[in-house]
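Numbering (our numbering), first residue to last: 6 to 179.
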C-alpha cells in the first residue's frame, strides 16, 4: 500500500481513482462514480453491497465472510457504508489532500481507514452500486484476512484515541 499512497499523493488531477489490479470492477463503472463527484460529493465508493450492485463468481465462504466483515466494520468503526472494501474508489482533490496525508494503515484495511477519516472529517461520501467479478486468482483469504481486518478496525480506533489523525503526516512508510 506504500506505493498506492505515494501514487495518489503524487497524482495531479482534480480526481483520483484507484481500482484493484485484477479489474474485478470494470472501468466501465467509472462514469457512475464521476457523476457523484459532479453532484458535489468528495468521494465516491464502488459498492458490491449497495442496492443495484451485481456480484459474480463469488464463493459461499467469501460471501459469508464479506457479510460478517461488513457488519462488524459498520458496528465497530461508525462508517455506515455497506461496503468499505471494494477496491474501486474515486477521490476529489480535496479528499486526497485531507485523507491520504493522515493515513497510517498500510495493509488490507487502508480503505476502511480512509473512509473512517472521511466520516470523521465530515467529507461527503457516496456509495455507488457496481458490477464486481470475483477473480479466480484473488489473493484474499476469507478467514485469515477477516481476522486481520478485525484487528485493523481496533487499531484504527486506537490510533484515533491516541490523536494520530489530528494532523497530516508527511511520512510515507510505516
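From the three backbone atoms N, C-alpha and C, an ideal C-beta is built for every residue, glycine too.
Keep in mind that this is a model prediction, so the values were computed, not measured.
Judged by their CB atoms, residue 100 and residue 123 are nearer to each other than the 8 angstroms cut-off.
For residue 87, the secondary structure class from DSSP, reduced to helix, strand or coil, is coil.
Bridge partners of residue 114 according to DSSP: none are assigned. In this structure, the CA atom of residue 93 is about 16 angstroms from the CA atom of residue 61. A Cβ-Cβ distance of about 6 angstroms is found for the pair residue 97 and residue 42, placing them in contact under the 8 angstroms criterion.
For the segment 15 to 74, the full-length beta strand (DSSP E) segments reaching 3 residues or more read 20 to 24, 48 to 52 and 59 to 61 along the chain.
The count of Cβ pairs closer than 8 angstroms, one atom from the segment 36 to 52 and one from the segment 121 to 138, reaches three, so the stretches are in contact. Contact annotation, residue 91 with residue 37: C-beta distance approximately 13 angstroms; criterion of less than 8 angstroms not satisfied. Under the three-state reduction of DSSP, residue 103 is assigned to helix.
Rounded to the nearest whole angstrom, the CA to CA distance from residue 59 to residue 31 is 12 angstroms. In this chain, the beta strand (DSSP E) harbouring residue 95 covers 93 to 97.
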